[in-house]
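*Asks:* Take a look at this one; I'll ask things after.
Protein chains: 2
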Amino acid sequence: MLQPVMHILKQKNIVLASGSPRRKELVENIGLKVQLCSSLFEENLDPHSFKSFSEFVEETALQKVLEVENRLICEGNVPDIVIGADTMVTLGKEMFGKPTSEHEAFEMLSRLSGRGHTVYTGVVVKSLDEIVKFTEKTNVFFGKMDEEQIRGYIATGEPMDKAGGYGIQGVGGSFVERVEGDYFTVVGLPLFRLCSVLYDMFKHEILL
Amino acid sequence: MLQPVMHILKQKNIVLASGSPRRKELVENIGLKVQLCSSLFEENLDPHSFKSFSEFVEETALQKVLEVENRLICEGNVPDIVIGADTMVTLGKEMFGKPTSEHEAFEMLSRLSGRGHTVYTGVVVKSLDEIVKFTEKTNVFFGKMDEEQIRGYIATGEPMDKAGGYGIQGVGGSFVERVEGDYFTVVGLPLFRLCSVLYDMFKHEILL
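Spelled out as structure tokens, the structure:
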């Protein structure tokens, strides 16, 4: 989608405020060159102080962006665009972050087995004079997993650094019967909306 | 999903009857080791002689599997399992294969723009004493693409070797607003159903 503005984006210093190699791979797959800069924001917002999951993930994404932008400006490396994202797995009113132990991973995956849940990814795109925020949500339906399959999956090590205890782009993808929404929201960065925002931000420069 | 039978699968000579690096990457992502062997089957079946898209892609997948299996047996390299797949993009009653020219790619993508279409992937899994066939279908919804975006996408070269003229796992993913079904069906190999079949084939060997 971005090809008509790619020559403009290539001249920008675009920073992805994330330490996630999966997010970096996604933006590289669509031809964007970005600098990866992990946020030092503590991610300690209280979800109960927000009206919705969307507001919570957007605010976390915003705080990541602001922390990274401020730090880079202090270092004299002023970014043109900073992109931040935060992903959360929810089941009903519950939020699943990254499991803190194998026991917790087992509990999470047992809960997700044989049913649907919703993944929220909040995104913030900040240019020098504009901030755009949005949230995408995608429904994910897991097939029924037996205890051996869950224990075997945890033994691969994949669940431990991922929201909800699974990675859809890895071994975890084999448990997913279907999705409804943008698949890339589940990986961690909704590409369609992100590219739409970037296209709208820069299309007026095409003819300059 | 396959972890409880992975030690069994690792001792098998598994062949993927495909030349697609995308399919190979998918099976490797879930931890399966396979040998890639492109089928020499001509893919010349007449779609109009089949009752449904499903029967057509399954039969094409079957012919790929049989050709590869026969050839390997003649070479004295007898496979334990051969997996074949065929993917097709459909819009209403029309089938979109790989575009044969940039002009045709432009026509296809213009037709897909701003609407939903359905991707069928037929899969055949053949062991020494069993053949399992199935088809998965996934709905894909493209956002509206303008002419410059389509031309820019074609200029990346990505559309030319892909059914429907796009690759969802590459630059094409940025055009996709949402999917309904197994995302991996669109990449070319429905992982959930494939893994379910392999698990059912080998789970009785776990305790042997």
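From first to last, the protein sequence lines are chains U and D.
At position 45 of the first sequence the residue is numbered 1054 (our numbering), and the sequence of numbers has no breaks.
At position 155 of the second sequence the residue is numbered 1164 (our numbering), and the sequence of numbers has no breaks.
Built from N, CA and C at the ideal position, the CB exists for glycine as well.
#1: Should U/GLU1067 be labelled buried (16 or more other beta-carbon atoms within 10 Å of its own) or exposed?
#2: Name, please, each residue of chain D whose Cβ falls closer than 7 Å to the Cβ of U/TYR1129.
#3: How about U/LYS1169: is its C-beta nearer than 8 Å to some C-beta of chain D?
#4: What are the boundary residues of the beta strand (DSSP E) that D/THR1147 is part of?
#5: Give, in chain order, every residue of the stretch 1178 to 1201 of chain U whose Cβ lies closer than 8 Å to some Cβ of chain D.
#6: Hey, which unbroken runs of the beta strand (DSSP E) at 3 residues or more fall wholly within the stretch 1162 to 1197 of chain U?
#7: Would DSSP call U/LYS1135 helix, strand or coil?
#8: Taking all protein chains shown into account, do 16 or more other C-beta atoms lie within 10 angstroms of the C-beta of U/SER1048, making it buried, or fewer, making it exposed?
#9: Taking Cβ positions only, does D/CYS1083 come closer than 8 Å to chain U?
#10: Jot down the residue ranges of each uninterrupted beta strand (DSSP E) in the stretch 1018 to 1067 of chain D, minimum 3 residues, whole runs only, in chain order.
#11: With 8 Å set as the bound, which would you pick, yes or no: does the beta-carbon of D/GLY1152 sit closer than that to a beta-carbon of chain U?
#12: One question on the structure: do U/VAL1091 and U/THR1147 come within less than 8 Å of each other, judged by their Cβ atoms?
#13: Applying a beta-carbon distance threshold of less than 7 Å, which residues of chain U neighbour D/LEU1011?
#14: With which residues is D/VAL1098 paired in a DSSP beta bridge?
#15: Going by CA-CA distance only, name the one from U/SER1119, U/LYS1060, U/LYS1021 that's closest to U/ILE1159.
#16: Taking only beta carbons into account, state which residues of the stretch 1034 to 1052 of chain U come closer than 9 Å to chain D, listed in chain order.
#17: Give the residues of chain D in contact with U/THR1165, contact being defined as C-beta atoms less than 8 Å apart.
#18: What residue range is occupied by the uninterrupted alpha helix (DSSP H) comprising D/VAL1206?
#19: For the structure I just gave you, are there three or more beta carbon pairs, one from the stretch 1051 to 1061 of chain D and one from the stretch 1168 to 1184 of chain D, closer than 8 Å?
#20: Do U/ARG1080 and U/LEU1198 have their C-beta atoms closer together than 8 Å?
#21: Tell me which residue opens and which closes the alpha helix (DSSP H) that U/GLU1116 is part of.
#22: Can the beta-carbon of U/LYS1135 be found less than 8 Å from the beta-carbon of U/VAL1014?
#23: From this set, D/SER1063, D/GLY1190, D/GLY1152, which residue's C-alpha is nearest D/LEU1121's C-alpha?
#24: If we cut at 8 Å on Cβ distances, does U/GLU1111 have a partner in chain D?
#25: So that I know if they touch, is there some Cβ in chain U lying closer than 8 Å to that of D/TYR1175?
#26: Any Cβ of chain D within less than 8 Å of the Cβ of U/GLY1161?
#27: Assuming the contact rule is C-beta atoms closer than 8 Å, U/GLU1116 and U/ASP1191 should be a hit. Round their C-beta distance to whole Å, please.
#28: Whose C-alpha, out of U/GLY1182, U/MET1104, U/ILE1215, is nearest the C-alpha of D/GLU1037?
#29: Grouping DSSP H, G and I as helix and E and B as strand, with all else coil, what is U/ILE1082?
#30: Who are the neighbours of U/GLU1157 on chain D, taking C-beta pairs under 7 Å?
#31: Using only CA atoms, which one of U/GLU1186, U/GLU1111, U/TYR1208, U/GLY1106 lies nearest to U/TYR1162?
#32: Checking 8 Å against the spacing of the C-beta atoms, do D/ILE1140 and D/VAL1133 come in under that value?
#33: Judging by CA-CA distance, which residue of D/HIS1126, D/ALA1094, D/ILE1215, D/PHE1184 is the nearest neighbour of D/PRO1030?
*Replies:* Looking at the atomic coordinates:
#1: The residue labelled residue 1067 of chain U in the question sits at position 58 within the first sequence. Flag for U/GLU1067 reads buried.
#2: Numbered from its first residue, the first sequence carries residue 1129 of chain U at position 120. Going along chain D, no residue has its Cβ under 7 Å from U/TYR1129, so there is no contact; the nearest lies around 15 Å.
#3: Working through the first sequence from its first residue, we reach residue 1169 of chain U at position 160. With the sequence shown as reference, residue 1169 of chain U is identified as Met, and Lys is not the correct amino acid for it. Answer no: the Cβ-Cβ gap between U/MET1169 and chain D never drops below 8 Å.
#4: Looking up residue 1147 of chain D in the second sequence gives position 138. Counting along the chain, the beta strand (DSSP E) containing D/THR1147 begins and ends at 1140 to 1151.
#5: For the stretch 1178 to 1201 of chain U, which is checked against every Cβ of chain D, the residues closer than 8 Å are GLN1178, GLY1179, VAL1180, GLY1182, SER1183, PHE1184, VAL1185, GLU1186, ARG1187, VAL1188, GLU1189, GLY1190, ASP1191, TYR1192, PHE1193, LEU1200, PHE1201.
#6: 1185 to 1190
#7: Mapped onto the first sequence, residue 1135 of chain U falls at position 126. DSSP places U/LYS1135 in strand when its eight states are reduced to three.
#8: Position 39 of the first sequence holds residue 1048 of chain U. The residue in question, U/SER1048, is buried, as its Cβ has 16 or more Cβ neighbours within 10 Å.
#9: In the second sequence, residue 1083 of chain D corresponds to position 74, counting from 1. D/CYS1083 does not count as touching chain U.
#10: The beta strand (DSSP E) runs lying completely inside the stretch 1018 to 1067 of chain D and spanning 3 residues or more are 1023 to 1025, given in chain order.
#11: Position 143 of the second sequence, counted from the first residue, corresponds to residue 1152 of chain D. Yes, D/GLY1152 lies at the interface with chain U (some Cβ there is under 8 Å from its Cβ).
#12: Taking the first sequence and counting its residues from 1, the one referred to as residue 1091 of chain U is at position 82. Taking the first sequence and counting its residues from 1, the one referred to as residue 1147 of chain U is at position 138. It is not a contact, given that the beta carbons lie outside the stated cut-off.
#13: Looking up residue 1011 of chain D in the second sequence gives position 2. Those within 7 Å of D/LEU1011 in chain U are SER1183.
#14: Here residue 1098 of chain D is taken as the residue at index 89 of the second sequence, counted from 1. Bridge partners of D/VAL1098: D/PHE1105, D/VAL1128.
#15: Taking the first sequence and counting its residues from 1, the one referred to as residue 1159 of chain U is at position 150. Taking only the C-alpha atoms, the option nearest U/ILE1159 is U/SER1119.
#16: LEU1035, ASN1038, ILE1039, GLY1040
#17: In the first sequence, residue 1165 of chain U corresponds to position 156, counting from 1. Neighbours of U/THR1165 in chain D, taken as residues whose beta carbon is under 8 Å from its own, are GLN1012, GLY1040 in chain order.
#18: Translated into the one-based positions of the second sequence, residue 1206 of chain D becomes position 197. First-last of the alpha helix (DSSP H) with D/VAL1206: 1200 to 1211.
#19: With the cut-off at 8 Å, the stretch 1051 to 1061 of chain D and the stretch 1168 to 1184 of chain D do not touch.
#20: Counting from one through the first sequence, the residue named residue 1080 of chain U turns up at place 71. Counting from one through the first sequence, the residue named residue 1198 of chain U turns up at place 189. The answer is no: Cβ separation not under 8 Å.
#21: Working through the first sequence from its first residue, we reach residue 1116 of chain U at position 107. Its alpha helix (DSSP H) spans residues 1111 to 1121.
#22: The count along the first sequence starts at 1 and reaches residue 1135 of chain U at position 126. The count along the first sequence starts at 1 and reaches residue 1014 of chain U at position 5. No, the Cβ-Cβ distance between U/LYS1135 and U/VAL1014 is not below 8 Å.
#23: Position 112 of the second sequence holds residue 1121 of chain D. Of the candidates D/SER1063, D/GLY1190, D/GLY1152, D/GLY1152 places its Cα closest to the Cα of D/LEU1121.
#24: Taking the first sequence and counting its residues from 1, one reaches residue 1111 of chain U at position 102. No - not a single Cβ of chain D is within 8 Å of the one on U/GLU1111.
#25: In the second sequence, counting from the first residue as 1, residue 1175 of chain D sits at position 166. Cβ-Cβ to chain U under 8 Å: no for D/TYR1175.
#26: Counted from its first residue, the first sequence places residue 1161 of chain U at position 152. Cβ-Cβ to chain D under 8 Å: yes for U/GLY1161.
#27: Numbered from 1 along the first sequence, position 107 holds the residue referred to as residue 1116 of chain U. Numbered from 1 along the first sequence, position 182 holds the residue referred to as residue 1191 of chain U. Not a contact, Cβ separation roughly 27 Å.
#28: Here residue 1037 of chain D corresponds to residue number 28 of the second sequence, with the count starting at 1. Comparing Cα-Cα distances from D/GLU1037 to each of U/GLY1182, U/MET1104, U/ILE1215, the minimum goes to U/GLY1182.
#29: Within the first sequence, numbered from 1, the residue matching residue 1082 of chain U stands at position 73. The answer is helix: DSSP assigns U/ILE1082 an H, G or I state.
#30: To locate residue 1157 of chain U, count along the first sequence from 1; it is residue 148. Going along chain D in sequence order, the residues near U/GLU1157 (Cβ under 7 Å) are PRO1013.
#31: Locating residue 1162 of chain U in the first sequence gives position 153, counting from the first residue. Cα-wise, what sits closest to U/TYR1162 is U/GLU1111.
#32: As a first step, residue 1140 of chain D is located in the second sequence; it is residue number 131 there, counting from the start. As a first step, residue 1133 of chain D is located in the second sequence; it is residue number 124 there, counting from the start. Remark: C-beta atoms of D/ILE1140 and D/VAL1133 approach each other more closely than 8 Å.
#33: For the purposes of this step, residue 1030 of chain D is taken as residue 21 along the second sequence, with counting starting at 1. Out of D/HIS1126, D/ALA1094, D/ILE1215, D/PHE1184, D/ALA1094 has the C-alpha closest to the C-alpha of D/PRO1030.
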